[in-house]
């Protein structure tokens, strides 16, 4: 059978494996993002106008300008609480990453470990985190470690599942070829299954970083005296609605930044991904 | 004609598979041999167990009955002692062409630097010079297949098994690859077993051609190719070539019906 692209290659000059030109990159980014910026500015403008024209009270829906005021006016406080939440997220995610990869490796290596690990891992995800989080308070206390555990608990699962699927989906023919070449199990794991699984792992990581932010907020709501989640909750009871929105805004920014960082890490560590089309039998 | 230097000999190989409770006989008593530096092709209808035979020789599978002799010894542990290449190039998308080529040496424990040096020496005859740093996705189908072939022969195994190596290529590229392999085969100094669907390819490249019957696979006939060497693509028009090709097609049962 022919390859899907029908290459008729008599030494076709291949596309180079080189970095894209930087100048052109900036220009295309401008073109790509300009409409997004226009829409965002328009949406904020309409929001501002509606609040002003309809005379909507501040506690119901604050105007963007009021939220911006809160962001600037409380910047010291907000920065402190942001840092607390970011710390919870990063430490919790780090633990989730380590645990997820370790458990995925164990599950991949042994059917027995799969039967031991998977059921409780799945069960831990079916119970709503908001139910478990208060129980955890009794075990690990009120401090940073509680939030870290909640974050880790919610974010290890996508990493685990995606990594297991990635390790498992290595082409059986490639593994057979390696076996025919005399490879042992460890060589097949390190040289074929791990690199093959990396893009899958990153899919899991992207889901996990955004879930981490949710985990931190839930943990703070259940029991904390600092962090953006706690601040939002307290500000709501004080009818400082614009500060609630400011905290939500910062949480959103945190999620987006973490997601982009994961994507950047993926592009650096898995540069081949998304470039493998075009060969026969792919 | 059997040389004293027999590299591969299978005696009365039987192999069956169980699928969905059904007993499928793939090979039913296959005798096969290949001598030192001999080029032997195996042709046969789809599902005649050609690939199963190669898998058994390579040690990926064991026969239900019969024996496999490799390099004069009968052993069940044959993994890692022959070169083996499939229709899929199976290049690793994360490795450069050069690093794909050294996979086998790496598995054997040869240090990477030394392995790369040995691979570089073969880049030119394999038409890959200047492309060693590329990732496989940037290569054409023919180049990918040549890289997979380089990976196979870079190991110093005397026996190389090729399972429809050009089967995934378009007709033009395939004929380029055949003529390239034709030019290379004397220099390789290896015993080569080629499984193919292509009768022209089998006759052009081989010293002997095995024709297998449809499932279960047995040897219908073995033909010796007495065309002079070195061979060239132009020989496909020779009367001797055409005569043998017709014989093989008739052994395959392809004449009178539609040819694949």
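Chains as they are written, first to last, in this note's numbering: chain A, -17 to 264; chain B, 472 to 731. Glycine included, C-beta positions come from ideal geometry on N, C-alpha and C.
With distances taken Cα to Cα, identify the nearest neighbour of residue i among the options.
i, options, result
"residue 126/A", "144/A, 108/A, 65/A, 139/A", "65/A"
"residue 494/B", "485/B, 478/B, 521/B", "485/B"
"residue 504/B", "698/B, 607/B, 681/B", "681/B"
"residue 106/A", "30/A, 79/A, 137/A", "137/A"
"residue 249/A", "233/A, 168/A, 230/A, 183/A", "183/A"
"residue 135/A", "124/A, 115/A, 101/A", "115/A"
"residue 739/B", "722/B, 632/B, 657/B", "Nothing in the structure corresponds to residue 739/B, since chain B is present only between 472 and 731."
"residue 553/B", "724/B, 562/B, 620/B, 694/B", "620/B"
"residue 74/A", "103/A, 238/A, 198/A", "198/A"
"residue 173/A", "712/B, 646/B, 562/B, 721/B", "562/B"
"residue 30/A", "18/A, 44/A, 61/A", "44/A"
"residue 498/B", "706/B, 684/B, 655/B", "684/B"
"residue 629/B", "587/B, 529/B, 492/B", "529/B"
"residue 476/B", "489/B, 507/B, 532/B", "507/B"
"residue 195/A", "141/A, 98/A, 221/A, 241/A", "241/A"
"residue 501/B", "488/B, 647/B, 482/B", "482/B"
"residue 50/A", "213/A, 239/A, 247/A, 229/A", "229/A"
"residue 119/A", "131/A, 157/A, 108/A", "131/A"
"residue 142/A", "213/A, 22/A, 13/A, 80/A", "80/A"
"residue 718/B", "618/B, 509/B, 491/B, 671/B", "671/B"
"residue 223/A", "61/A, 251/A, 52/A", "52/A"
"residue 723/B", "663/B, 694/B, 600/B, 702/B", "694/B"
"residue 55/A", "9/A, 245/A, 24/A, 225/A", "225/A"
"residue 550/B", "175/A, 158/A, 71/A", "158/A"
"residue 231/A", "83/A, 176/A, 210/A", "210/A"
When the cut-off is 8 Å and only beta carbons count, does residue i lie next to chain B?
i, result
"residue 247/A", "no"
"residue 169/A", "yes"
"residue 147/A", "no"
"residue 250/A", "no"
"residue 177/A", "yes"
"residue 254/A", "yes"
"residue 37/A", "no"
"residue 153/A", "yes"
"residue -17/A", "Below a pLDDT of 50, predicted positions are generally treated as unreliable, and residue -17/A, at 36, falls in that range; the measurement from the model is reported next regardless. Yes, residue -17/A lies at the interface with chain B (some Cβ there is under 8 Å from its Cβ)."
Residue i touches chain A at which residues, Cβ-Cβ below 8 Å?
i, result
"residue 574/B", "160, 163, 173"
"residue 651/B", "Near residue 651/B there are no residues of chain A at all, since even the closest Cβ is about 11 Å away, more than 8 Å."
Please list, in chain order, the chain B residues whose beta carbon lies closer than 7 Å to that of residue i.
i, result
"residue 156/A", "561"
State yes or no: is the beta carbon of residue i nearer than 8 Å to at least one beta carbon in chain A?
i, result
"residue 478/B", "no"
"residue 531/B", "yes"
"residue 555/B", "yes"
"residue 481/B", "no"
"residue 717/B", "no"
"residue 731/B", "Here residue 731/B scores only 43 on pLDDT, less than 50, and its place in the model should not be relied on; the value that follows carries that caveat. Not closer than 8 Å to any Cβ of chain A, the Cβ of residue 731/B fails to qualify, so no."
"residue 711/B", "no"
"residue 486/B", "no"
Which residues in chain B sit within 8 Å of residue i, going by Cβ to Cβ distance?
i, result
"residue 101/A", "What residue 101/A touches in chain B: nothing, since even the nearest Cβ is about 30 Å away."
Under 9 Å Cβ-Cβ, which residues of chain A neighbour residue i?
i, result
"residue 550/B", "161, 162, 163, 164, 165"
So with CB distances below 9 Å, who are the chain B contacts of residue i?
i, result
"residue 51/A", "Those within 9 Å of residue 51/A in chain B number zero; the least Cβ separation is about 50 Å."
So does the segment 590 to 599 of chain B actually touch the segment 533 to 548 of chain B, counting three or more Cβ pairs closer than 8 Å? no
Using a Cβ-Cβ cutoff of 9 Å, what residues of the segment 577 to 609 of chain B are near chain A? List them in chain order. 577, 578, 579, 598, 602, 604, 605, 606, 607, 608, 609
Evaluate the contact criterion for the segment 198 to 206 of chain A versus the segment 137 to 150 of chain A: three or more CB pairs, one atom per stretch, below 8 Å. no
The segment 155 to 164 of chain A in contact with the segment 574 to 585 of chain B per 3-pair CB rule at 8 Å: yes
The segment 693 to 713 of chain B / the segment 673 to 680 of chain B touching (three or more Cβ pairs under 8 Å): yes
Taking one C-beta from the segment 519 to 536 of chain B and one from the segment 605 to 615 of chain B each time, how about it: are there three or more such pairs within less than 8 Å? Result no; under three Cβ-Cβ pairs closer than 8 Å.
Just checking, does the segment 632 to 644 of chain B make contact with the segment 509 to 528 of chain B on the three C-beta pairs under 8 Å criterion? Judged by Cβ distances under 8 Å, the segment 632 to 644 of chain B makes contact with the segment 509 to 528 of chain B, as three or more pairs qualify.
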